[in-house]
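Numbering (the working numbering), first residue to last: 164 to 686.
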């Protein structure tokens, strides 16, 4: 069935405001597909015949450019029609996603933009249902309990798992978790809803589903397992044991740069194709999904549509997290302080490009494991090429949302390993110092910075302490754990902080970029 009338969520990203449309403008929906055929590819399958096999929490831009696209590709092959997607939103801000997808029968435009000006667009139809948990949590639990649901997938961001970065343990103090742990309560959190559904499946003798994380976290399946089993143990220890023994949590590595949709993106779709799409998705052409072959109740034949099904994901995920995701953090604070606002601006600035590649080569790469079939030199250069595309117009601001979750997962593991091995840490220390400088709230031109971080109050208090006592920022154990006690890192941080205050970001970067040994290569 196509989208029900319940309002629904996707992620916390608010879409652009609708542009004014002419009265005769075609709006994207199921009825318009026949009219659109020939203008761009549309689903070749009968969407009303597709059965829901996947329930996905967190329908945002990345899910729609990546997992939903792969499932759409699979459905277009005409094979199994058992793997349609039911999206679920749990945040109040997700109601807008419901409104858009309800009006469009779950359809949306995916536009792939290449760095050379190429553009490829198609209509994606794999999301056939969408449930808004705040309005009807019982409907979500019914969908999760349905035996046809065999996979529950997640893109709920790094912070959505409530795992303490320092201890590695589940932190039950979030308000939704606290609420859901009360007895005889209707759940409202992701793990509360999943736990309630698994309890019912167990009682009914229905096989459990697989829980498949698609978030950028090292060992994302392991993290999902830790979060769900820990939550369930606080709720019902016996149920937690059953989940631990019977539910599969495959690890995965996902990769496709997908910036936030803008009004310009919406207008461009209308201009190019003559119809209105309230929330299209723009992404780069590059795609990668490496998935561990570990499922409780079967899986789609994803290897037939470009997904790498492997026994061990870790080498691939370390490659991506410590080169691509870490580089996003490496470029963002220094680049923003220096006046850049877009990823491509930083990465086409030779000074910053050399600094980023220097981080990848000298600090991140030594911490990786061998990756089958990957030439690291080629991979690093390809990253800079991808980052440099002006067509995507990915903002530095997007990469810095909830930095207190991202830096501990992407950057600090590199730092810890380099400290253990006695390797270089100067670039990483400068990045952390630039983050602290960024948190002061103004760039080097005096422009105010709008910062989004769930720990913003704590971070700014730590930065104030840092001004009085250089190095105090590192005592924020919720972020840095015990790293502030490492004398070598603390000294490097203080030196980097002083360099930024004295000379600014460009000069501090220049001082760490050896002009005699260029690190940026083009071949």
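Glycine residues also receive a C-beta, built at the ideal position from the N, C-alpha and C atoms.
**Request:** Determine the burial state of residue 666: buried for a count of at least 16 other Cβ atoms within 10 Å of its Cβ, exposed for fewer.
**Result:** Residue 666 sits at position 503 when you count from the first residue of the chain shown. Residue 666 comes out exposed.
**Prompt:** Which whole-angstrom value is the C-beta distance of residue 306 and residue 447, which I expect to be below 8 Å?
**Reply:** Here residue 306 corresponds to residue number 143 of the chain shown, with the count starting at 1. Here residue 447 corresponds to residue number 284 of the chain shown, with the count starting at 1. At roughly 32 Å, the Cβ-Cβ gap does not stay under 8 Å, so residue 306 and residue 447 are not in contact.
**Asked** Could you give the residue range of the beta strand (DSSP E) that holds residue 220?
**Response** Taking the first residue of the chain shown as 1, we reach residue 220 at position 57. Residues 215 to 220.
**Request:** Taking 8 Å as the cut-off, decide whether the C-beta atoms of residue 467 and residue 608 are in contact.
**Result:** Mapped onto the chain shown, residue 467 falls at position 304. Mapped onto the chain shown, residue 608 falls at position 445. Cβ distance not < 8 Å, so residue 467 and residue 608 don't count as in contact.
**Prompt:** Which residues does DSSP pair with residue 640 in a beta bridge?
**Reply:** Translated into positions along the chain shown, residue 640 becomes position 477. Note: residue 640 sits in no beta bridge, so no partner.
**Asked** Who does residue 445 pair with in a DSSP beta bridge?
**Response** Stepping through the chain shown from its first residue, residue 445 is reached at position 282. Answer by DSSP bridge pairing, in chain order: 274.
**Request:** Compute the beta-carbon to beta-carbon distance between residue 352 and residue 253, rounded to the nearest angstrom, for a pair I have assumed lies under 8 Å.
**Result:** As a working note, residue 352 is residue 189 in the chain shown. As a working note, residue 253 is residue 90 in the chain shown. Their Cβ separation, rounded to whole angstroms, is 7 Å, which keeps residue 352 and residue 253 in contact under 8 Å.
**Message:** Within 10 Å of its beta-carbon, does residue 672 have 16 or more other beta-carbons around it, so buried, or fewer, so exposed?
**Reply:** Here residue 672 corresponds to residue number 509 of the chain shown, with the count starting at 1. With 16 or more other Cβ atoms from the protein chains shown falling within 10 Å of its own Cβ, residue 672 counts as buried.
**Item:** DSSP state of residue 125 mapped onto helix, strand, coil
**Value:** No answer is possible for residue 125: the residues shown for the chain start at 164 and end at 686.
**Request:** Rank 263, 264, 284 and 280 by C-alpha distance to the C-alpha of residue 272 and give the top, closest one.
**Result:** One-based indexing of the chain shown puts residue 272 at position 109. Nearest C-alpha to residue 272: 284.
**Prompt:** Between 551, 274, 658 and 534, which lies nearest to residue 519 when the distance is taken from Cα to Cα?
**Reply:** To locate residue 519, count along the chain shown from 1; it is residue 356. Proximity to residue 519 across 551, 274, 658 and 534 peaks at 551, based on C-alpha coordinates.
**Request:** State yes or no: is the beta carbon of residue 411 nearer than 8 Å to at least one beta carbon in chain C?
**Result:** No chain C is present in this structure, which holds just one protein chain.
**Request:** Work out the CA separation of residue 327 and residue 618 for me, nearest whole Å.
**Result:** On the chain shown, position 455 is the one that residue 618 refers to. On the chain shown, position 164 is the one that residue 327 refers to. Counting only the Cα atoms, residue 327 lies some 13 Å from residue 618.
**Request:** State buried or exposed for residue 191, treating a residue as buried only when at least 16 other CB atoms are found within 10 Å of its CB.
**Result:** Counted from its first residue, the chain shown places residue 191 at position 28. Buried, since its Cβ has 16 or more Cβ neighbours within 10 Å.
**Item:** Start-end ranges of the beta strand (DSSP E) lying completely within the stretch 438 to 497, minimum 3 residues
**Value:** The beta strand (DSSP E) runs lying completely inside the stretch 438 to 497 and spanning 3 residues or more are 444 to 446, 451 to 455 and 471 to 473, given in chain order.
**Prompt:** Thinking just about the alpha-carbon of each residue, which of 597, 382, 440 and 469 is nearest to the one in residue 287?
**Reply:** By one-based count along the chain shown, residue 287 stands at place 124. It is 440.
**Item:** Nearest-angstrom beta carbon gap, residue 226 and residue 377 [assumed within contact, 8 Å]
**Value:** Locating residue 377 in the chain shown gives position 214, counting from the first residue. Locating residue 226 in the chain shown gives position 63, counting from the first residue. Confirmed, about 7 Å.
**Item:** 8 Å Cβ shell around residue 461 - same chain, five flanking residues per side excluded
**Value:** Counting from one through the chain shown, the residue named residue 461 turns up at place 298. So the qualifying residues of the chain are 313.
**Item:** Beta-carbon contacts of residue 165 that lie in its chain and below 8 Å, excluding the five residues immediately before and after
**Value:** Here residue 165 corresponds to residue number 2 of the chain shown, with the count starting at 1. Caution applies to residue 165, whose pLDDT of 48 falls short of 50 and renders its modelled position unreliable; the value that the coordinates give is listed next. Closer than 8 Å at the Cβ level, and outside the excluded window around residue 165, lie 193, 210, 211, 268, 269, 291 and 292.
**Request:** Starting from residue 315, follow the beta strand (DSSP E) in both directions and report where the run begins and ends.
**Result:** As a working mapping, residue 315 is identified with position 152 in the chain shown. 314 to 317 is the span of the beta strand (DSSP E), which, as asked, contains residue 315.
**Request:** Would you mind reading off the limits of the alpha helix (DSSP H) that contains residue 407?
**Result:** One-based indexing of the chain shown puts residue 407 at position 244. Here the alpha helix (DSSP H) through residue 407 covers 400 to 409.
**Message:** Within 10 Å of its beta-carbon, does residue 401 have 16 or more other beta-carbons around it, so buried, or fewer, so exposed?
**Reply:** The residue given as residue 401 occupies position 238 in the chain shown. So residue 401 counts as exposed.
**Asked** What is the rounded straight-line gap between the Cα of residue 397 and the Cα of residue 344?
**Response** As a working mapping, residue 397 is identified with position 234 in the chain shown. As a working mapping, residue 344 is identified with position 181 in the chain shown. Rounded to whole angstroms, the separation of the alpha carbons of residue 344 and residue 397 is 7 Å.
**Item:** Neighbour-count burial assignment, residue 581, 16 or more Cβ in a 10 Å radius
**Value:** The residue labelled residue 581 in the question sits at position 418 within the chain shown. Result: buried.
**Item:** Enclosing beta strand (DSSP E) for residue 286 [first to last residue]
**Value:** As a working mapping, residue 286 is identified with position 123 in the chain shown. In the DSSP assignment, residue 286 falls within the beta strand (DSSP E) that extends over 282 to 287.
**Message:** Along the chain, where does the beta strand (DSSP E) containing residue 547 start, and where does it finish?
**Reply:** The residue labelled residue 547 in the question sits at position 384 within the chain shown. Taken as a continuous stretch (DSSP letters only), residue 547 belongs to no beta strand (DSSP E), being part of the alpha helix (DSSP H) at 539 to 550.
**Asked** Count the other CB atoms within 10 Å of the CB of residue 221; is the residue buried (16 or more) or exposed (fewer)?
**Response** Position 58 of the chain shown, counting from 1, holds the residue named residue 221. Buried.
**Request:** Locate the alpha helix (DSSP H) running through residue 232, then write down its first and last residues.
**Result:** Residue 232 sits at position 69 when you count from the first residue of the chain shown. Residue range 230 to 239 is occupied by the alpha helix (DSSP H) that includes residue 232.
**Message:** If I follow the unbroken beta strand (DSSP E) through residue 424, where does it start and stop?
**Reply:** Position 261 of the chain shown, counting from 1, holds the residue named residue 424. Taken as a continuous stretch (DSSP letters only), residue 424 belongs to no beta strand (DSSP E), as it is neither H nor E.
**Request:** Taking residue 510 as part of the alpha helix (DSSP H), name the residues at either end of that continuous run.
**Result:** The residue given as residue 510 occupies position 347 in the chain shown. 506 to 510 is the span of the alpha helix (DSSP H), which, as asked, contains residue 510.
**Span of the alpha helix (DSSP H) around residue 248** = Residue numbering aside, residue 248 sits at position 85 when the chain shown is read from its first letter. Segment 247 to 252 is the beta strand (DSSP E) holding residue 248; no alpha helix (DSSP H) there.
**Asked** Secondary structure at residue 614, three-state DSSP: helix, strand or coil?
**Response** The residue labelled residue 614 in the question sits at position 451 within the chain shown. Annotated three-state conformation of residue 614 is coil, per DSSP.
**Spatial distance of residue 388 from residue 604 (CA atoms)** = Taking the first residue of the chain shown as position 1, residue 388 is located at position 225. Taking the first residue of the chain shown as position 1, residue 604 is located at position 441. If I take the Cα positions, the gap works out to 37 Å.
**Coarse secondary structure for residue 258, derived from DSSP in three states** = Position 95 of the chain shown holds residue 258. It is helical.
**Simplified DSSP state of residue 185, which is helix, strand or coil** = Position 22 of the chain shown, counting from 1, holds the residue named residue 185. Caution is warranted here: a pLDDT of 46 is assigned to residue 185, below 50, making its placement in the model unreliable, and no coordinate value can be reported.
**Check: residue 530 C-beta below 7 Å from any heavy atom of the ligand MG** = You won't find the ligand MG in this model; it holds no ligand whatsoever.
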